[in-house]
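Down below is the structure, laid out as structure tokens.
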Amino acid sequence: LRDALNNSRINSTADIDFIAFKTDTPIYMAPFLVGVYRWDNWLLSEMLLRTNITVIDVTQSTFIIHQKLKELDGQKPLHHSSRIGAVYNDELTKNISGTDYKVGFINNAPQILSGDCQKSQCELKDNLLQSEVILLKQRANAQKYIAVLAINRGQMPLVWNWVCWAKRIGFQNYILLAEDFEAYNILRAANEPVFISLKQSLDTSSKSEAKYGSYDLQIITMYRLEFLMRVLRAGYHFLNTDIDTIWLSNPFDSISQNLSITIQGQMHKKMKMSRGLIIVHATPQGRHFWQNVIKCESQILVKLQEQQFYKNKLPASAFTDQECINDRLKFTTVKFLDPYLFPDELSFFDQHRSQSRGLVPVVIHENWLAGLESKIKRLRSWDLLASTDSSCDSLENGIPYSLPDRTAPVRIRIRVLTYNRLKSLQRLLMSLQLANYSSDSVALDISIDRPSSKASVAEKNRWKQVIAYMGDGAQHSSKFRWSHGPLSITVHKKHVGLFGQWTLANNHQDVQLILEDDIEVSPHFYIFLKQAINFYYMNQSNYDSRMFGLSLQHQHTVLGHRTSFRIRSIGKELNETGAPVFFKYQLLGTWGAVFFPEHWHAFLKWIAAVKIDDMEAGCTPSGLVSTQWWMERYRTGRIWETWFIRFSFERGWYSLYTNFPNREAFAVSYRESGLNFKTTQGPMNPLVKYFQPHIHLNFTMNPPIFDFHFTRINRPTLLTIRSHLWHRSHFFNQCHIVEKNNHFETMNFSNNTYQTQSNQNSTADDEGGLILHTCRDVTIPPIPPMPFCIGSIGIVRCWHWSILVLVGIGWYWYWLVLVLVVCSNHANCPATTIEDQNDQNLTNSEEQYGQDSGDCIGQVQDTAEIQILIGPSIILTGQDAFISNCSDKLFENLDEKTNVPTSSFNQPQ
7 LRDALNNSRI
17 NSTADIDFIA
27 FKTDTPIYMA
37 PFLVGVYRWD
47 NWLLSEMLLR
57 TNITVIDVTQ
67 STFIIHQKLK
77 ELDGQKPLHH
87 SSRIGAVYND
97 ELTKNISGTD
107 YKVGFINNAP
117 QILSGDCQKS
127 QCELKDNLLQ
137 SEVILLKQRA
147 NAQKYIAVLA
157 INRGQMPLVW
167 NWVCWAKRIG
177 FQNYILLAED
187 FEAYNILRAA
197 NEPVFISLKQ
207 SLDTSSKSEA
217 KYGSYDLQII
227 TMYRLEFLMR
237 VLRAGYHFLN
247 TDIDTIWLSN
257 PFDSISQNLS
267 ITIQGQMHKK
277 MKMSRGLIIV
287 HATPQGRHFW
297 QNVIKCESQI
307 LVKLQEQQFY
317 KNKLPASAFT
327 DQECINDRLK
337 FTTVKFLDPY
347 LFPDELSFFD
357 QHRSQSRGLV
367 PVVIHENWLA
377 GLESKIKRLR
387 SWDLLASTDS
397 SCDSLENGIP
407 YSLPDRTAPV
417 RIRIRVLTYN
427 RLKSLQRLLM
437 SLQLANYSSD
447 SVALDISIDR
457 PSSKASVAEK
467 NRWKQVIAYM
477 GDGAQHSSKF
487 RWSHGPLSIT
497 VHKKHVGLFG
507 QWTLANNHQD
517 VQLILEDDIE
527 VSPHFYIFLK
537 QAINFYYMNQ
547 SNYDSRMFGL
557 SLQHQHTVLG
567 HRTSFRIRSI
577 GKELNETGAP
587 VFFKYQLLGT
597 WGAVFFPEHW
607 HAFLKWIAAV
617 KIDDMEAGCT
627 PSGLVSTQWW
637 MERYRTGRIW
647 ETWFIRFSFE
657 RGWYSLYTNF
667 PNREAFAVSY
677 RESGLNFKTT
687 QGPMNPLVKY
697 FQPHIHLNFT
707 MNPPIFDFHF
717 TRINRPTLLT
727 IRSHLWHRSH
737 FFNQCHIVEK
747 NNHFETMNFS
757 NNTYQTQSNQ
767 NSTADDEGGL
777 ILHTCRDVTI
787 PPIPPMPFCI
797 GSIGIVRCWH
807 WSILVLVGIG
817 WYWYWLVLVL
827 VVCSNHANCP
837 ATTIEDQNDQ
847 NLTNSEEQYG
857 QDSGDCIGQV
867 QDTAEIQILI
877 GPSIILTGQD
887 AFISNCSDKL
897 FENLDEKTNV
907 PTSSFNQPQ
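Be aware that the sequence shown starts at 7, since it is given in my numbering, and climbs by one per residue.
In structure tokens form, the structure reads like this:
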């Protein structure tokens, strides 16, 4: 033994002598042959790639001898791969795990046990030699995309904020790349997926104090760039972003996964790509591109050592990896991310570009304000700060389940709202009377409004007919009899309108079904309603604290509109979701609305505190068409639905809906003339006539949830955050109406390539995005400060002054001639996307024509086709301008140049 010890050696990290684990460890042992290789690497890799199992390398603390096979004279022992059964084990391993077994090495154990444990002198320490491939395999998504964020100890408040936002949206496909050992230890203790190289862990310099463009900062940058290169070489696509970003949804759902696109990124200062958010694909082109970026960064380090920064008086930005990335964009395939889904700080917080279009951003990059405290302060003022430490702030989560309130059998109260439509009321009451209530006692409350002092004689006479039938409790007795429970008839002492009838305060704890008098119900509505309430409201395991009730109607309205996005079809979206029988939707269904008592009382408490005479208080931003309804009808009469829409927008609540075949529903509205409709429209869908329990009672525990735009929501808690994006303290115009889908410039080019090279033009891809181009300088002659409009290919500019009456025939001909002179050769005119009043980013100035002509966007070729769609208003920085001030002759001239019909230019209202 002593001789053997003297001549022994440590085997390679692939040679595993034993693996000890608890018998209840959830590992399925495949049928490997005993005594043949591969089983040990496979088993270790299975444990290494589990996030709930900690693997410890005990080589340094445990002395184990593995006796070698005796060598015969003149013969060497067979290699593992040549032994009997090796082929079987090898094929079995690859069939089970592919190439994952290759990480099954001892040096990939995340922790090491060292020292003499018998003398209580051993300790656990992190293994900083572990391959990053372990984390990549653990954390990347199925398409092999991974987010990498570099962090240091000076950024920890922002790190925790980002981590908490990632938890809110359920995002796990990320690695935190630590730049110092202190940050690594903090995040490692919090069980975050953090990585640091051994070399970097020994560097004690302060990363947070390195100045922009300095040599120290670029050394840190090189560490990050080289790590990302290893990610690409491992076959993973990376998204690299700064830690001062807010993630409101999974960005991998909003990027192009077309591998022919080498790099995608966020736009920076009009023409460049921001290093703060880029995606590079792990293709040969992507690796070649990134290797060139690293080469450029190496050259920068040399220049900084030689102090060329001072010698040539260059700006600090010239010595950054962002310059390297942009310098090499000309030679690769590029796509810019949608600037409204991936806005920077200026665009979102100051110019409100995303909000003005009704868009919820995917990622917000807080890259304009300098300093940690300034960034934290801004996030806190918008209620977008999730945390500054390891404990994440909770979000409002609806009404919690209360067992005592649900021990008694559920009581359903029906409230009927009526005024002066007797025949409609009688039709509704007849359908209620004929319904099946399974011998339950059901209370019926009937609310009759009173005519206002401005009501016409005919209107008052129709109201008297209702009173004559229903009674008023004094002179007239009721001719209506309710045979299913208590009946209550209330005649209001003064005119309250639908708003007053709907929001009438009450103290009862019943589930309420509220019906306006132009509705008819199915004979089976109560059976369905009772079963649905028992399943979704009474049963704690199915209870959703954000679901305020349900609706008996078939819903067809998509309330949310977004600029440049098509309005969704509910039927189409549901079919694509798998045609669920039930779904949840933020929009209130007023035709047969059912409210749970706790949620309804929360609304009544909220509406009691609202200033209902304030027009803006009734608006809901984020592009909801209900805001336009409210603006149009606020002066003529109050409508109550917009208040509940605002309430559910702030709370992030929703209702349950049905999706029965043939659009059948348990309630249908005849949409008769009144406050909501000028003329009678008739029913939109049929009632359920034949009750089929296997369809109508086929409840599901987790129906899909949709927001106001009918976009599916996987994390309903995030709906609460929506109102923060249109924060009243910052987004002052709560009644902003989003312009429809005629707002953006759309380019359809004759070819469809992505490659951008020097002196060559590229085109847009099928998925949209901004494309890099080159163009020549153009000189614009000096222009007197008078109203004018220039129309050429891709450029429309208008200066609007208040005194338009001073514009004469002479000025008209002067500008017409000027336009023809300037734009006679349209190849010299840059093409610019026309945006709305918040988009100062895409307005051209004479100054820019000379300075940025080398990277202008969308230069149009003679062979290209272009279509320009312009919204009602085009606002230049600091000045209002309207297309109506432009001469029709100029549009005709533009027609000839671009083949765009004049009707494409929408005149303002």
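The beta carbon of each residue, even a glycine, is placed where N, CA and C say it ideally should be. All figures in this text were calculated on a predicted structure; none of them were measured in a lab.
Asked	Found
Nonlocal neighbours in the same chain, by C-beta distance under 8 Å from Leu-134, ignoring five residues either side	Ile-202, Ser-203, Leu-204 and Ser-207
Tyr-151 in three-state terms, based on DSSP	strand
Residue burial classification, Glu-670 (beta-carbon count within 10 angstroms, cutoff 16)	buried
Proximal residues to Leu-231 (C-beta, below 7 Å), its chain only, five neighbours per side dropped	Val-299, Ile-300, Glu-303 and Asp-327
Terminal residues of the beta strand (DSSP E) in which His-243 lies	243 to 247
Element boundaries [alpha helix (DSSP H), containing Asp-333]	327 to 333
Chain C within 7 Å of Ile-226, Cβ atoms only	Looking at the structure shown, chain C is missing, and only one protein chain is on hand.
Segment limits, beta strand (DSSP E) that includes Ile-495	493 to 497
The segment 352 to 362 / the segment 125 to 139 touching (three or more Cβ pairs under 8 Å)	no
Cβ pair Glu-198, Ile-226 closer than 7 Å	no
Trp-636 Cβ short of 6 Å to the ligand SAH heavy atom set	Among the components modelled here there is no ligand, and therefore nothing to report on the ligand SAH.
Given Asp-259 as reference, the closest of Pro-603, Tyr-151, Ile-33 and Arg-194 once Cα atoms are compared	Tyr-151
Limits of the unbroken alpha helix (DSSP H) element including Tyr-221	221 to 239
Thr-57 versus Gln-144: straight-line alpha-carbon distance, rounded	7 Å
Whether Leu-254 touches Pro-367 by CB criterion (7 Å)	yes
Pair within 7 Å by beta-carbon distance, Val-472 and Asn-512	no
Burial state of Pro-787 (16 or more Cβ within 10 Å)	At Pro-787 the pLDDT is 35, less than 50, meaning the model places this residue with poor confidence; the figure from the coordinates comes in the next sentence. With fewer than 16 Cβ atoms within 10 Å of its Cβ, Pro-787 is classed as exposed.
Three-state class that DSSP yields for Gly-877 in the structure shown	Because the pLDDT at Gly-877 is just 31, under 50, the model does not fix this residue reliably, and the value given afterwards should be weighed accordingly. It is coil, neither helix nor strand.
Beta-carbon proximity of Gln-561 to Asp-713, cut-off 7 Å	no
Other residues of its chain near Gly-292: CB distance less than 8 Å, five sequence neighbours each side excluded	Leu-238, His-243, Thr-268, Ile-269 and Val-286
Secondary structure of His-567, DSSP reduced to three states	coil
Beta strand (DSSP E) segment containing Val-165, residue limits	Segment 162 to 174 is the alpha helix (DSSP H) holding Val-165; no beta strand (DSSP E) there.
Selection from Thr-685, Gly-624, Pro-586 and Asp-620 that minimises the alpha carbon distance to Thr-706	Pro-586
Residue(s) in a DSSP beta bridge with Met-279	Met-273
Own chain partners of Arg-89 with C-beta closer than 7 Å, once the 5 adjacent residues on each side are dropped	Val-42
Within 7 Å, strictly: CB atoms of Thr-339 and Trp-166	no
Cβ separation of Val-497 and Ile-454, assumed to be a contact under 8 Å, to the nearest whole Å	5 Å
C-alpha gap between Asp-446 and Val-600, whole angstroms	18 Å
Beta-ladder partner(s) of Gly-555, from DSSP	Phe-601 and Ser-661
For Cys-398 and Ala-392, the rounded distance between their alpha carbons	6 Å
Three-way DSSP call (helix, strand, coil) for Glu-526 in this model	strand
Where Gly-377 falls, given that 16 or more other Cβ within 10 Å makes a residue buried	exposed
Residues bridged to Val-631 [DSSP beta-bridge criterion]	Bridge partners of Val-631: none, in fact.
Beta-carbon spacing of Thr-251, His-371 below 7 Å	yes
C-beta atoms of Leu-39 and Gly-91 nearer than 7 Å	yes
Neighbour-count burial assignment, Tyr-107, 16 or more Cβ in a 10 Å radius	buried
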